[in-house]
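Working notes, structure below.
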Amino acid sequence: MSDDLDTIPALAASLFAELLASEQLARALVTRSLPGGMQLSHFSVLNLLAHLNEERTPAQLAEAFHVNRSAMTNTISRLEWAGHVHVRPDWDDARRKFVAISPAGRAARDAALAAFLPRISTIVRDLGASQVRLALPVLRRLRERLEDET
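Residues in the sequence shown are numbered consecutively from 1118, following my numbering.
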């Protein structure tokens, strides 16, 4: 089937309407499940640091999440205050800092995952694992294309 150019804008509009609605609902589900005081931005940073298992600069974290440095500095400050990250100076360049997840941060991230992952797993089970496996490459390519546009 060839793409009818008249339907591409309508298809794009439908795709983004579904993505935006799904993103909003997913954020709400996860946010409601987070342990007391944790925000989605906090979980996201902890999750990335846990996944990478190495330090990152605030600038690298801001770039990874497509936010400005002041927003990331605020998130890091709150995570540091909660004891979820360690921030240390760069010994080679005193203007820079490095951020690493702390044991308490890893525990908080794990608690957050334990709180919402069962609900998301139920959704995946209801949709069917094979359907989700088919959707993932398309969603990944879409994300990559959107990253290219920023």
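We put the CB at the ideal spot given by N, CA and C, even for glycine. Everything numeric in this text was worked out from a predicted model, so none of it was measured.
The shortest CA-to-CA distance from Asn1164 to any of Leu1136, Asp1207, Arg1212, Val1202 is the one to Val1202. Per the DSSP secondary-structure output, Pro1206 pairs in a beta bridge with Lys1214.
Counting the other CB atoms within 10 Å of its CB gives His1168 a total below 16, which places it among the exposed residues. Within the same chain, Pro1175 come within 7 angstroms of Thr1190 by CB-CB distance, once the 5 residues on both sides are set aside. Rounded to whole angstroms, the gap between the alpha carbons of Ser1158 and Thr1192 is 7 angstroms.
A contact between stretches requires three or more CB pairs, one per stretch, nearer than 8 angstroms, and the stretch 1253 to 1266 fails this requirement with the stretch 1199 to 1215. In the assembly as shown, Val1162 is a buried residue. Its beta-carbon has 16 or more other beta-carbons within 10 Å. Residue pairing by DSSP puts Arg1173 in a beta bridge opposite Val1216.
Taking a cut-off of 8 angstroms for Cβ pairs, the stretch 1222 to 1233 and the stretch 1141 to 1157 touch, as three or more such pairs fall below it.
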